[in-house]
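See below for the structure under consideration.
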Amino acid sequence: MVKVLCVLYDDPVDGYPTSYARDDIPSIERYPGGQTTPTPKAIDFTPGALLGSVSGELGLRMFLEGLGHTFVVTSDKDGPNSIFERELPGADIVISQPFWPAYLTAERIARAPNLKLAITAGIGSDHVDLQAAIEHGLTVTEVTYSNSISVSEHAVMLILSLVRNYIPSYGWVVAGGWNIADAVSRSYDLEGMTVGTVGAGRIGSAILRRLKPFDVKLHYTDRHRLPADVEAALGLTYHRDVESLVRVCDVVTINTPLHPETEHMFNDALIAKMKRGAYIVNTARGKICDRDAIGRALESGQLAGYAGDVWFPQPPPRDHPWRTMPHHGMTPHVSGTSLAAQARYAAGTREILECWFERRPIRDEYLIVDGGKLAGAGAHSYSAGNATAGSDEAARFRTQAPGG
Ligand code: NDP
């Protein structure tokens, strides 16, 4: 019997929901490209329910306890006195979501001698020190594709919100105003603009497909070039490197994993190569951007706007500069955890656990690290190394007073 330690975000401030805005979510069996959505033998939750917060438990308690395993769920994940830190030494499996990541640093992995499996309920395993995972023989998995389309929809929304100046316009109405000139003095049409993605994997290419009808010029850079027929169908211009891409783009959307190659890619030097007044939309990982360089570029006008839902660390301290920098459209990390996405990644987590307990192979596309090396999807999209440095700052969120 094993101990499964699961870290989820807090329940809503006014309690776990007893009813929902809608009665169902669409049923999706395949992703673009043909990969099937998760195929666990059974699920014990209602698709469309809140599964990603502590009381939702990813719908796993009945399944795990039915097999005789111990299941510990907490949101208390940061700092030496956290429940996560206390429970980790006895844990065999850790489940965590990127939205509220339980950082598995090398130090924490060293303190967890039984730990064999780390599951990311979602996509993006940069909260695990992958180098340490490789060295300790851990298996690291994620539920590939589970929320890629969710994020692509969100990124398109953020691009339009920034370019059209939606958020300040909404703000005028809420404030009781009718300030048309204030609202439109930073409002443009997306039509005719040049939009580029850094990374054209599942999310990046879904954004490109969604933007095609907006009559924009579409550009991309990636480690691997897309097939010629895809480039032709979408009218894509390929760039061999990110510098070449950003020089021509009005809007840049970031869609790579965070790994040593992409950490702080958007620094002062790269932002200086962008067109004055460009926009950045980053729904990939906060640390791909240099936090202070983004603030400086918004203050100076080099960037006209920055939006996204990813920060470093998470939760960000209450005095994190991205909360107060000008012309931003930041939210908490929500794009990949819509109720529809939760149903898929909860089912995918269950599928991975079923495979693990029954000693059946885990789908190759879910593997990031296995057998002491990058594996499956991880071998394609990540580089070995560690991107968790500085994550201990997340503990400051709980100790700072709101607004402080
Ligand atoms: P994919 O693996 O399908 O795509 C990532 C792409 O980035 C791949 O095509 C990869 O190249 C490319 N890439 C990797 N390194 C570089 C680099 N140095 N320069 C240029 N391109 C690079 O993943 P997804 O599209 O599904 O997800 C991408 C990321 O988005 C995730 O890793 C995660 O961090 C983030 N994400 C955020 C979510 C949210 O809620 N905000 C939810 C889901 C994901 P190749 O494979 O060709 O080598």
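If you're matching positions, the sequence shown starts at 98 in this note's numbering and goes up one per residue. The beta-carbon is built from N, C-alpha and C at its ideal position, and this holds for glycine as well. Bear in mind that the values here come from a model prediction, so they are computed numbers and not experimental data.
Remark: C-beta atoms of leucine 323 and tyrosine 317 approach each other more closely than 9 Å. Cβ neighbours of methionine 371 within its own chain (closer than 6 Å, five residues either side excluded): Val343.
Nearest in C-alpha terms to isoleucine 377, of all of His424, Ser341, Glu358, Leu201, is His424. By the CB criterion at 9 Å, leucine 333 and leucine 315 fall inside the cutoff.
Straight-line spacing of the CA atoms in glycine 487 and proline 413 works out to 11 Å. Ligand 1 approaches phenylalanine 196 closely enough that one of its heavy atoms is under 8 Å from the residue's Cβ. When DSSP reads this structure, isoleucine 125 sits in no beta bridge, so it has no partner. Under the 8 Å Cβ criterion, the stretch 442-450 counts as touching the stretch 134-144, having at least three qualifying pairs. In the DSSP annotation of this structure, the continuous segment of the beta strand (DSSP E) that includes serine 193 starts and ends at 190-193.
Cysteine 103 is bridged by DSSP to Val170, Ile192. Here the C-alpha atom of glycine 289 lies approximately 11 Å from the C-alpha atom of proline 310. Residues Asn262 of the same chain have their beta carbon placed closer than 6 Å to that of arginine 283, with the five preceding and five following residues left out of the count. Judged by DSSP in its simplified three-state form, histidine 417 adopts coil rather than helix or strand. Under the three-state reduction of DSSP, phenylalanine 363 is assigned to strand. Shortest Cα-Cα distance from aspartate 173 to any of Glu162, Leu185, Lys213, Ile391 involves Leu185. Shortest Cα-Cα distance from phenylalanine 409 to any of Gln439, Pro458, Arg393, Thr428 involves Thr428. Separation of arginine 457 and glycine 165 (C-alpha to C-alpha, rounded to the nearest whole angstrom) is 19 Å. In the three-state DSSP reduction, aspartate 467 falls in the strand class (E or B). Its chain contains Ile206 as the residues whose beta carbon lies nearer than 6 Å to that of histidine 233, once the 5 sequence neighbours on both sides are disregarded; these appear in chain order.
Proximity of the beta carbon of tyrosine 463 to ligand 1 is not indicated: no heavy atom of the ligand is located closer than 8 Å. Counting of Cβ neighbours within 10 angstroms places isoleucine 125 among the exposed residues, the total staying below 16. Distances from the CA of alanine 218 to each of Asp226, Ile190, Arg208 were compared; the closest alpha carbon is that of Ile190. Excluding its 5 nearest sequence neighbours in each direction, isoleucine 180 has C-beta neighbours in its own chain below 6 Å: Thr171, Asp173, listed in chain order. Only residues of its own chain outside the window of five on either side were considered, and among them His166, Asp189, Ile190 have a CB closer than 7 Å to the CB of valine 99, listed in chain order. Rounded to whole angstroms, the separation of the alpha carbons of alanine 329 and glycine 398 is 35 Å. A distance criterion of 8 Å places the beta-carbon of histidine 361 beyond contact range of ligand 1, judged by its closest non-hydrogen atom.
Under DSSP, threonine 334 shares a beta bridge with His316. DSSP places glutamate 232 outside any beta strand (DSSP E); the residue lies instead in the alpha helix (DSSP H), whose first and last residues are 227-232. Residues Gly398, Gln399 of the same chain have their beta carbon placed closer than 8 Å to that of arginine 373, with the five preceding and five following residues left out of the count. Counting only the Cα atoms, glycine 469 lies some 19 Å from cysteine 452. In the three-state reduction of the DSSP assignment, cysteine 346 falls in the coil class. Contact annotation: arginine 388 and alanine 484 have beta-carbon atoms that are not nearer than 9 Å. Beta-bridge annotation (DSSP): asparagine 379 is paired with Ile351, Gly405.
For glycine 426, the secondary structure class from DSSP, reduced to helix, strand or coil, is strand.
Judged by DSSP in its simplified three-state form, serine 150 adopts strand. Around the C-beta of alanine 369, fewer than 16 other C-beta atoms lie within 10 Å, and the residue is accordingly described as exposed.
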